[in-house]
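J.:
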Amino acid sequence: MERQQRWEAAKAGYRAAQERWPQHSTAWFGLGNVYYANSDYRSAAKAYQQAIEHNEDFAAAWHNLAWSLLRQGKVEGELEAAQRSEHLAPEHPRYGSVSKTIRNAAEEADVL
Numbered sequence: 649m650e651r652q653q654r655w656e657a658a659k660a661g662y663r664a665a666q667e668r669w670p671q672h673s674t675a676w677f678g679l680g681n682v683y684y685a686n687s688d689y690r691s692a693a694k695a696y697q698q699a700i701e702h703n704e705d706f707a708a709a710w711h712n713l714a715w716s717l718l719r720q721g722k723v724e725g726e727l728e729a730a731q732r733s734e735h736l737a738p739e740h741p742r743y744g745s746v747s748k749t750i751r752n753a754a755e756e757a758d759v760l
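In case it helps, the numbering used here puts the sequence shown at residues 649 to 760.
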């Protein structure tokens, strides 16, 4: 549903999965992605934080949390999340260098 940008259907599916398996981090992560895609960065951050609560080693969730916090202008949290993503997946092409990317984006947005 996400790939087809059918956001309401995707959100309903992730919510159903998250309600049935509340400890499953992937459902929270998917829900966060739907919120983020719809510019609801606050809800996205909350969903990513839930994903992380259930799986502290979820590099993608830390990465996406960093971006959702950046969109809200929450500098301290975004850099911490970016560093955690890098620590967990240092060789990943996106997650392994997200701190630099986040800093550049924050400077461009005049958030730092």
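Backbone N, C-alpha and C define an ideal beta-carbon position, used for all residues, glycine too. Computed from a predicted model, the values in this text were never measured in an experiment.
#1: Using the Cβ count rule (16 or more neighbours within 10 Å means buried), how would you classify Glu724?
#2: So is the beta-carbon of Ala699 under 7 angstroms away from any non-hydrogen atom of the ligand FAD?
#3: Would DSSP call Glu739 helix, strand or coil?
#4: Within a Cβ cutoff of 7 angstroms, which residues of the same chain sit near Thr749, ignoring the five residues on either side of it in sequence?
#5: Check each candidate in Leu713, Arg751, Glu701 and name the one with the smallest Cα separation from Ala685.
T.: Reading off the structure:
#1: Answer is exposed; the Cβ neighbour count stays below 16.
#2: The ligand FAD is not part of this structure, which contains no ligands at all.
#3: DSSP places Glu739 in the coil class of the three-state scheme, outside both helix and strand.
#4: Counting only Cβ-Cβ distances below 7 angstroms, and skipping sequence neighbours, we find nothing.
#5: Cα-wise, what sits closest to Ala685 is Leu713.
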